[in-house]
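Participant: Using the working numbering, read the sequence shown as starting at 69 and increasing by one per residue.
Here you go, one structure.
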Amino acid sequence: MREVLPMRGYFRFMAKGVRVDLKVEQAFLKEVLGDTLKKFLEGCLMSGICEWKPVEEDTPATPTSAPTAVPVEQAEPLLTLPELRAQANVANNKELVTLVIYYADYCQKNPPSNEEIRRLLREELREKDVVLNSMTTYLQRAKRQGWVAQEGKRWRITSTGLQKIQQMLGSSTLSKGA
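Pasting the structure below:
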């Protein structure tokens with residue numbers, strides 16, 4: 069196990085709307101932050117934008133201003149795949165596999181493989197064996213439409229696929245006549 073380095077310095081970096089305060093050993097900065105950031109920080113130190121101030125070990129860091137709360141957009145509650153399908157107007161199975169890829173790639177931030185798509189269809193959507201057996205055909209049809217793309221063994225939703233999903237969900241905001 070690695071030995072914890074004692075804190076012997078206080079580093080403050082300030083830029084437009086950003087402030088970074090670090091109370092660490094200078095050697096620790098070099099090791100953890102790497103050479104690129106170290107060069108950047110050295111440039112800051114040399115130009116006077118920031119400075120290195122050694123402090124007493126028992127002296128707590130005193131911030132110059134109280135942290136301000138930044139309002140964060142409220143995230144939409146995550147839908148489950150069955151809820152998403154209930155909202156969508158799915159006309160055929162290539163639209164269904166596109167919806168599954170959208171759910172995994174865009175909503176869950178995890179591009180699915182063939183096995184994951186098959187699992188989602190079987191376990192979450194309770195699709196019949198006929199759909200599962202022909203899944204590759206539906207994936208290829210959706211790929212030909214430009215709705216999905218394959219990166220190695222993973223499937224990704226494309227911008228055209230996102231437009232198709234918007235149409236299926238009834239929330240299309242596509243520009244007219246452009």
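Glycine residues also receive a C-beta, built at the ideal position from the N, C-alpha and C atoms.
Everything numeric in this text was worked out from a predicted model, so none of it was measured.
What is the residue span of the alpha helix (DSSP H) that V198 lies within?
Facilitator: For the purposes of this step, residue 198 is taken as the residue at position 130 of the sequence shown. Note, V198: alpha helix (DSSP H), 197-201.
Participant: Would you mind reading off the limits of the alpha helix (DSSP H) that contains V158?
Facilitator: Translated into the one-based positions of the sequence shown, residue 158 becomes position 90. That residue, V158, is in no alpha helix (DSSP H); it is neither H nor E in DSSP.
Participant: Taking the beta carbon of P150 as the centre, do at least 16 other beta carbons fall within 10 Å, making it buried, or is it exposed?
Facilitator: The residue labelled residue 150 in the question sits at position 82 within the sequence shown. Classification for P150: exposed.
Participant: For my contact list, L189 and E195 are in at a C-beta cut-off of 8 Å; report their separation, rounded to the angstrom.
Facilitator: Counting from one through the sequence shown, the residue named residue 189 turns up at place 121. Counting from one through the sequence shown, the residue named residue 195 turns up at place 127. Indeed they touch by this definition, with Cβ atoms about 4 Å apart.
Participant: Within the continuous beta strand (DSSP E) that includes Q231, where are the two ends?
Facilitator: For the purposes of this step, residue 231 is taken as residue 163 along the sequence shown, with counting starting at 1. Here Q231 belongs to no beta strand (DSSP E); instead the alpha helix (DSSP H) covers 227-237.
Participant: In terms of residues, what are the limits of the alpha helix (DSSP H) holding E183?
Facilitator: For the purposes of this step, residue 183 is taken as the residue at position 115 of the sequence shown. Where E183 is concerned, the enclosing alpha helix (DSSP H) stretches over 182-187.
Participant: What is the C-beta distance between G229 and Y170, in whole angstroms, given that I count them as a contact (C-beta under 8 Å)?
Facilitator: Along the sequence shown, read from residue 1 onward, the residue named residue 229 stands at position 161. Along the sequence shown, read from residue 1 onward, the residue named residue 170 stands at position 102. At roughly 7 Å, the Cβ-Cβ gap stays under 8 Å, so G229 and Y170 are in contact.
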